[in-house]
């Protein structure tokens, strides 16, 4: 128990420093490009955190995240542009609808495993995309929906990138914090147990189908939330944003970042947002780079980028534990 | 609706279904040899078609030579994919293997985007465009090439299974993983042959269909999904199932498109995939 | 106290009958052993009780509750805890976390309360850690609490599995070959532990190969052969039963022939 306290003791100042940096950054360094990039990073962190619950912790490869992201974006866009619904209500609906769909879809398909779950979720994503393109009356078809309004919060219009930045990061921190609390609770232990050994988990009283359904729904809710934030930020939605490649890319983000850690989702979101902007005119190469990095990462560092840090921490921890055991072992 | 129209649907359904069958056979080959579902399978279809267009359209090679070169090169890509990304990963988790084949799929797709651009490209038909009357319907000459090519490929695959030691080892392997070793076949080489053959089948599908539907960098993923759907509908692991599943899916799509809506063609096929995965994962031919 | 009862339980796999018309009772506060030659259907029986496979026919009850068609986690919550023949430890988790997975059966805090870290959830997490620690102390494993479970020796992993199963507060504790792969000293320790568990009023139900261990530890022995119950009774009676000797010796000779 001592070591668990020690770990949070190390992490807390780090997290504090990051939060402080995020809070003062737009004041200290009001560079529009950097702030814009950070808005997208914040949105992707929300979406990736959801993915890392079902994919990273429960070990189930879900390739529907972009579809839920899209459903959230469209829900928000449709409600605010056509029905004049307020931003908060639209945001709530945009989070709830993907959750409901995930709940209904999850009951049959979460029984599938491995390749089959991946293919089924991929197929579902394609179907959603076809819906976005075909149902012109609802979704605006291939051109999508424009003039999605900037959100108004208690009469205060978030019409600049900097204002929006604070909204996005407030929610991103809330989502990451919520997920962090979950994964270090009994839910997280149950998920990791499922990922390691489903049979043993169920024999220890873990309701495997319910647990997977909860996490699938939660991942969809976060994706929808991210989608809504995206729609109100860029002010339009169109089908090509939510392509199946995005689902694959999001999974890659989390995999590259490291599947066994929420930091993996954060690293992944940063990596995949920053890289295309760094490539500038060679943006098209970004996907090629992701593909190559993914394959190399899987081959040479199976725990992802965060895994490297964890391995280092483990190594240090083991050396400490070893010296502790030398004292303890004869007694025990 | 008159029977001529229905016959026309059937003809185009069988044509497209043949391509799905070829992709499904590729899935089956690799699945039986390794237990892996290769997400990059559809990219071989894309590669076959696009490489052929380069040789035929850009380099002005004679069409038969261009087609042959495209299939050979695609086969080489398949073997290279196995050697570079699958072989070093032996013994790793299923999950890692899924991610690897997804990564390969993305690499191939993006590479194609950079080489060939985004515009769809046509390959000229193998023997002209003059339509051939077929009872009340009409056939494009290329459709006959598709059917003939598919049948020839299936015959070749059958002969491979029946008459070569490699093929027999592969068949044995699909029943018992250790069987290959017991007949003296190097398992690593067998996996490579499976990838190469799967790529050849995909490449063949790609060149056969390119004159009808055109081809572009982005068709790989949907082809993989449809081919996988065909394999699941027929019963994963069975070659006969792959063919039946491919034709069934092609026909379902053609009639669905004709009778319901063309926009939902892909959704229909993928909906069928989900339904089969959930309700009858063993497919039409599977026992239990 | 509730007893575990099997009534006419059968299981077929295709044409093969793995377990046929099996009936017996596992009493509380008693160590019951299920023995028999390889392939006699012991593990199949265990898996049916814990819900991993369903009986083709028959009924399994714990006290008044019918377990026959329940999902594995429901059976666990009804009061059946188990270990596995090959350790099914959660290797990447610490020993304490492994045992904490078992305790969540009775932890009520909901998703929102947990995610928002309501005081109730925080308390619960502490309670659960304490409970898990108590089980580790009971099993003499407390010094390993923060070790990665996958890095432990086989014998220790088996004991962690027992602690994990105990954390579910079982009425019946099922152990699949707990003595396999243990050293002599560890087997002696296991016997004492099982007796301690029995003396808490828990029904201990084990499948075991090690006959000496069974005859010294169990109060009641059920012998299976070819999926059917050959005989049941106290250990001294079983040790002298001609049918049991024949079943074991017959198999022994076959095994010797096969090896030679």
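Chains as they are written, first to last, in my numbering: chain A, 1 to 332; chain B, 1001 to 1288; chain C, 2001 to 2260.
From the three backbone atoms N, C-alpha and C, an ideal C-beta is built for every residue, glycine too.
Quick caveat, the model's predicted, so the values are computed rather than measured.
Our contact map puts residue i next to residue j with C-beta atoms below 8 Å; I'd like the distance itself, whole angstroms only.
| i | j | result |
| --- | --- | --- |
| residue 1191 of chain B | residue 1260 of chain B | Actually they are not in contact, since the Cβ atoms of residue 1191 of chain B and residue 1260 of chain B sit about 41 Å apart, beyond 8 Å. |
| residue 2167 of chain C | residue 2102 of chain C | 3 Å |
| residue 353 of chain A | residue 162 of chain A | Outside the displayed span of chain A (1 to 332) sits residue 353 of chain A, for which this structure offers no information. |
| residue 2213 of chain C | residue 2187 of chain C | 6 Å |
| residue 171 of chain A | residue 229 of chain A | 7 Å |
| residue 2081 of chain C | residue 2173 of chain C | 5 Å |
| residue 1043 of chain B | residue 1105 of chain B | 5 Å |
| residue 2158 of chain C | residue 2063 of chain C | The pair is not a contact, with the Cβ atoms about 28 Å apart (cut-off 8 Å). |
| residue 1166 of chain B | residue 1037 of chain B | With 8 Å as the limit, residue 1166 of chain B and residue 1037 of chain B do not qualify as a contact, their Cβ atoms being about 22 Å apart. |
| residue 191 of chain A | residue 211 of chain A | 7 Å |
| residue 101 of chain A | residue 220 of chain A | 7 Å |
| residue 1101 of chain B | residue 1040 of chain B | 5 Å |
| residue 2162 of chain C | residue 2083 of chain C | 6 Å |
Looking at the unbroken alpha helix (DSSP H) that takes in residue i, where does it start and where does it end?
| i | result |
| --- | --- |
| residue 2171 of chain C | Residue 2171 of chain C -> no alpha helix (DSSP H), and no H or E assigned at all. |
| residue 2236 of chain C | 2235 to 2239 |
| residue 2097 of chain C | 2095 to 2103 |
| residue 1253 of chain B | 1239 to 1259 |
| residue 2113 of chain C | 2111 to 2115 |
| residue 2073 of chain C | 2072 to 2078 |
| residue 2010 of chain C | Residue 2010 of chain C -> not in any alpha helix (DSSP H); beta strand (DSSP E) instead, spanning 2004 to 2013. |
| residue 295 of chain A | 285 to 300 |
Taking the C-alpha atoms as reference points, what is the distance between residue i and residue j?
| i | j | result |
| --- | --- | --- |
| residue 2198 of chain C | residue 20 of chain A | 56 Å |
| residue 2028 of chain C | residue 2018 of chain C | 27 Å |
| residue 223 of chain A | residue 1222 of chain B | 23 Å |
| residue 30 of chain A | residue 24 of chain A | 10 Å |
| residue 1150 of chain B | residue 1156 of chain B | 10 Å |
| residue 1195 of chain B | residue 1046 of chain B | 16 Å |
| residue 257 of chain A | residue 40 of chain A | 17 Å |
| residue 299 of chain A | residue 11 of chain A | 29 Å |
| residue 282 of chain A | residue 1145 of chain B | 40 Å |
| residue 2245 of chain C | residue 1230 of chain B | 56 Å |
| residue 18 of chain A | residue 2113 of chain C | 26 Å |
| residue 110 of chain A | residue 2043 of chain C | 28 Å |
| residue 186 of chain A | residue 2109 of chain C | 9 Å |
| residue 1268 of chain B | residue 124 of chain A | 11 Å |
| residue 2194 of chain C | residue 2156 of chain C | 15 Å |
| residue 2229 of chain C | residue 2235 of chain C | 15 Å |
| residue 2169 of chain C | residue 66 of chain A | 42 Å |
| residue 1016 of chain B | residue 2090 of chain C | 48 Å |
| residue 2143 of chain C | residue 2247 of chain C | 43 Å |
| residue 1161 of chain B | residue 1168 of chain B | 5 Å |
| residue 2072 of chain C | residue 2175 of chain C | 16 Å |
| residue 194 of chain A | residue 267 of chain A | 25 Å |
| residue 1097 of chain B | residue 114 of chain A | 10 Å |
| residue 2218 of chain C | residue 2189 of chain C | 15 Å |
| residue 1281 of chain B | residue 1163 of chain B | 31 Å |
| residue 2022 of chain C | residue 2055 of chain C | 11 Å |
Would you kindly report the start and end of the unbroken beta strand (DSSP E) that includes residue i?
| i | result |
| --- | --- |
| residue 2214 of chain C | Not the beta strand (DSSP E): residue 2214 of chain C falls in the alpha helix (DSSP H), residues 2211 to 2217. |
| residue 2134 of chain C | First-last for residue 2134 of chain C: 2119 to 2138, but that is the alpha helix (DSSP H), not the beta strand (DSSP E). |
| residue 2225 of chain C | 2220 to 2225 |
| residue 2205 of chain C | 2203 to 2207 |
(message) Contact between the stretch 236 to 246 of chain A and the stretch 130 to 141 of chain A is defined here as three or more beta-carbon pairs at a separation below 8 Å; is this criterion met?
(response) yes
(request) Spell out a yes or no on whether the stretch 1245 to 1254 of chain B and the stretch 1015 to 1026 of chain B are touching, meaning 3 or more CB-CB pairs, one atom from each, closer than 8 Å. (result) yes
(message) So, does the stretch 1069 to 1077 of chain B touch the stretch 1128 to 1139 of chain B, judging by three or more C-beta pairs under 8 Å?
(response) no
(message) With a threshold of 8 Å, are at least 3 pairs of Cβ atoms found where one atom belongs to the stretch 196 to 210 of chain A and the other to the stretch 68 to 84 of chain A?
(response) no
(request) Kindly confirm or deny that the stretch 2022 to 2040 of chain C and the stretch 2086 to 2102 of chain C touch, where touching means at least three C-beta pairs closer than 8 Å. (result) no
(request) Ignoring anything shorter than 4 residues or poking outside the stretch 88 to 166 of chain A, list the alpha helix (DSSP H) runs there in chain order. (result) 114 to 134 and 136 to 139
(request) Run through the stretch 1079 to 1149 of chain B for me and flag every whole alpha helix (DSSP H) of 4 or more residues, listed as ranges in chain order. (result) 1094 to 1116
(message) So, does the stretch 2110 to 2128 of chain C touch the stretch 2051 to 2069 of chain C, judging by three or more C-beta pairs under 8 Å?
(response) no
(message) For a minimum of 4 consecutive residues, which ranges assigned as the alpha helix (DSSP H) are wholly contained in the stretch 200 to 273 of chain A?
(response) 208 to 234 and 244 to 257
(request) Could you pull out every unbroken alpha helix (DSSP H) segment of at least 4 residues lying fully inside the stretch 2023 to 2065 of chain C, listed in chain order? (result) 2042 to 2049
(message) I'd like to know if the stretch 1273 to 1285 of chain B and the stretch 1229 to 1245 of chain B are in contact, where contact means that at least 3 CB-CB pairs between them fall below 8 Å.
(response) yes
(message) Three or more C-beta pairs under 8 Å: does that hold for the stretch 282 to 297 of chain A against the stretch 77 to 90 of chain A?
(response) no
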